[in-house]
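For the sequence shown, counting from 1, position 402 maps to 429 in this note's numbering; every step adds exactly one.
Quick notes on the structure that follows.
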Amino acid sequence: MLSQVADGLRGKKVTVGVTGGISAYKAVELVSLLTRAEAEVRVALTRAAKEFVTPLTFEVLSGRPVYHELFAAPDPVPHITLARQTELLVVYPATANFLAQAAWGLASDLLTSTLLAYEGQVLVCPAMNQKMLSHPAVKDNIRRLRERGYIFLPPEEGRLACGEKGPGRLPSPEQVLEEINRFFLPQDLKGLNFLITAGPTWESWDEVRILTSRSSGKMGYALARAARDRGARVVLVSGPTALPPPVGVELVAVTSALEMQAAVERHFADADVVIMAAAVSDYRPKERVAGKLKKGPEEILLPLVRNPDILEELGRKKGRRLLVGFAAEAGEALEKARAKLKAKGLDLIVVNDITQQGAGFGADTNVVSVLFANGRLVNMPQLDKLTCSHRLIDLLVESVGRDG
Ligand code: C5P
28 MLSQVADGLR
38 GKKVTVGVTG
48 GISAYKAVEL
58 VSLLTRAEAE
68 VRVALTRAAK
78 EFVTPLTFEV
88 LSGRPVYHEL
98 FAAPDPVPHI
108 TLARQTELLV
118 VYPATANFLA
128 QAAWGLASDL
138 LTSTLLAYEG
148 QVLVCPAMNQ
158 KMLSHPAVKD
168 NIRRLRERGY
178 IFLPPEEGRL
188 ACGEKGPGRL
198 PSPEQVLEEI
208 NRFFLPQDLK
218 GLNFLITAGP
228 TWESWDEVRI
238 LTSRSSGKMG
248 YALARAARDR
258 GARVVLVSGP
268 TALPPPVGVE
278 LVAVTSALEM
288 QAAVERHFAD
298 ADVVIMAAAV
308 SDYRPKERVA
318 GKLKKGPEEI
328 LLPLVRNPDI
338 LEELGRKKGR
348 RLLVGFAAEA
358 GEALEKARAK
368 LKAKGLDLIV
378 VNDITQQGAG
388 FGADTNVVSV
398 LFANGRLVNM
408 PQLDKLTCSH
418 RLIDLLVESV
428 GRDG
């Protein structure tokens, strides 16, 4: 499933400018994704781009005529028309030639002319041979465009079409779609500090073995990305996960519940909103065996002691902060969550019944209900975790607005 904010692109006027690089074929997929997200997509092709992909392909996918001729009747000024109909211009891929023309304000074809008639934001995705990318002229053009406010999605490292290895690869259509989504998000969390926990904790019982849970961390990481994209400053305290650290988020890596508690306490004072999405282990082995426990009797007992309930302790000193807990339950989820919300002094609790399909640990989607301290209940459908995170943040923003 796509990591896409539900409805975020519906009706948004996105123009994809395609220039003549071998990776132009990826623009076909991007236009298809944008159309599926119900954006109003228009495509502008340079002459060289037409050598790689035909206008017809884009016309069919976008459901609109493609812009590729500056002097094509009946519209005498297609570049002006296109500029007026664009809220975001994405150049995917951007060749060295395009960068040079844009940097120097040339208007030699429809796409570069449109740039001059357009006042909105431009997202540029360069792709080329690594030597071309590091050429001083290209670097200089990128710098000029950056200074003019253009936003760049840097090329990736990898095998290039010419057979060389290095930076220069065009990022995937899915990645660009995520960037495009970000452009249209409200910046309603600006000035707020979010403290989010994610992942499992590892409780060691010897130097090799651990007690843990199946938590992947995906929900907490998605929440961190959503809050970041809406303008919040985010500290993400994470137990061990296999997920890449989200860019622009302060990641504090911890292992055990006690470490998580210490990290959360360190960042609590500055937080306006605390979301405990981590699956903290309720117990830890009473003693940690040095080295590796040897195989012995048929049956052994492993004494466990309670870990502190981090959230409950925060609940006692929450002040004006918003405190959000998660409850993963197997059956009778709502009743149990209601009790937890009370006991831990939370503003709201996100409930998932892990026995339901498409919900909970490890999955890319989640099915949650949100229970507020005032008794309000919101049931959400099955959503990918990023969309689910945005919906949760919408509810947080709404509830703060309601309480004044
Ligand atoms: O009581 P239960 O463990 O089911 O509550 C889950 C919520 O409490 C989650 O938000 C989880 O992050 C948090 N929690 C905690 N410290 C613990 C156990 C759970 O903060 N030791």
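Ideal Cβ positions, reconstructed from N, Cα and C, are used throughout, including at glycine.
- Taking 7 Å as the cut-off, the C-beta of Lys-367 counts as close to a heavy atom of the ligand C5P.
- Shown in chain order are the residues whose CB sits closer than 5 Å to a heavy atom of the ligand C5P: Met-303, Ala-305, Val-307, Asn-334, Asp-336, Ile-337, Leu-338, Gly-352 and Phe-353.
- Here the segment 265-275 makes no contact with the segment 319-334; the two share fewer than three CB pairs at distances below 8 Å.
- Fewer than three pairs of CB atoms, one per stretch, sit closer than 8 Å, so the segment 183-201 makes no contact with the segment 307-319.
- By a beta-carbon distance limit of 8 Å, Val-55 does not contact Val-93. Their separation comes to about 12 Å.
- Rounded to the nearest whole angstrom, the CA to CA distance from Gln-383 to Gly-258 is 33 Å.
- Listed in chain order, the non-local C-beta contacts of Leu-349 below 6 Å within the same chain comprise Val-300 and Asp-374, local neighbours out to five positions each way being set aside.
- Beta-bridge pairing by DSSP links Phe-399 to Leu-375.
- Taking the Cα of Lys-369 as reference, the smallest distance to any Cα among Pro-227, Ala-360, Phe-399 and Val-68 is reached at Phe-399.
- Under the Cβ criterion (8 Å, minimum of three pairs), the segment 122-140 counts as touching the segment 65-73.
- Each residue's CA atom was taken as its position, placing Ser-283 and Phe-221 some 21 Å apart.
- Taken through DSSP and simplified to helix, strand or coil, Phe-221 comes out as strand.
- For Glu-67, the enclosing beta strand (DSSP E) begins and ends at 67-72.
- By the neighbour-count criterion, in which 16 or more other beta carbons inside 10 Å mark a residue as buried, Leu-83 falls on the exposed side.
- By the criterion of at least three beta-carbon pairs nearer than 8 Å, the segment 209-223 is in contact with the segment 254-268.
- Just so you know, the alpha carbons of Met-155 and Asn-208 end up roughly 25 Å apart.
- Asp-233 and Ile-381 have their alpha carbons spaced roughly 30 Å apart.
- Its Cα nearest to that of Val-58, the residue Pro-120 stands out among Ala-360, Glu-292 and Pro-120.
- Beta bridge pairing from DSSP links Tyr-119 with no other residue.
- If you draw a straight line from the Cα of Gly-342 to the Cα of Pro-181, it is about 42 Å long.
- Annotation for Phe-79: the continuous alpha helix (DSSP H) segment containing it runs 76-79.
- If you draw a 10 Å sphere on the C-beta of Val-281, you find 16 or more other C-beta atoms in it, and that means buried.
- Short of 8 Å from the beta carbon of Thr-62, and not among the five residues preceding or following it, lie these beta carbons of its own chain, in chain order: Val-68, Leu-88, Ser-89 and Gly-90.
- Less than 8 Å separates the beta-carbon of Ala-253 from that of Ile-420.
- By the Cβ-count criterion, Ala-110 is buried, with 16 or more other Cβ atoms from all chains shown falling within 10 Å of its own Cβ.
- With respect to Ala-354, Lys-367 sits close: the two C-beta atoms are nearer than 8 Å.
- In the assembly as shown, Leu-172 is a buried residue. Its beta-carbon has 16 or more other beta-carbons within 10 Å.
- Taking C-alpha positions only, Thr-113 is separated from Leu-143 by approximately 13 Å.
- Taking C-beta atoms as the reference points, Val-149 and Val-118 count as a pair closer than 8 Å.
- When the Cα atoms are used, Leu-133 and Tyr-248 turn out to be separated by approximately 43 Å.
- Non-local C-beta neighbours of Ala-130 in its own chain, meaning closer than 7 Å and more than five positions away in sequence, comprise Asn-168, Arg-171 and Leu-172, ordered along the chain.
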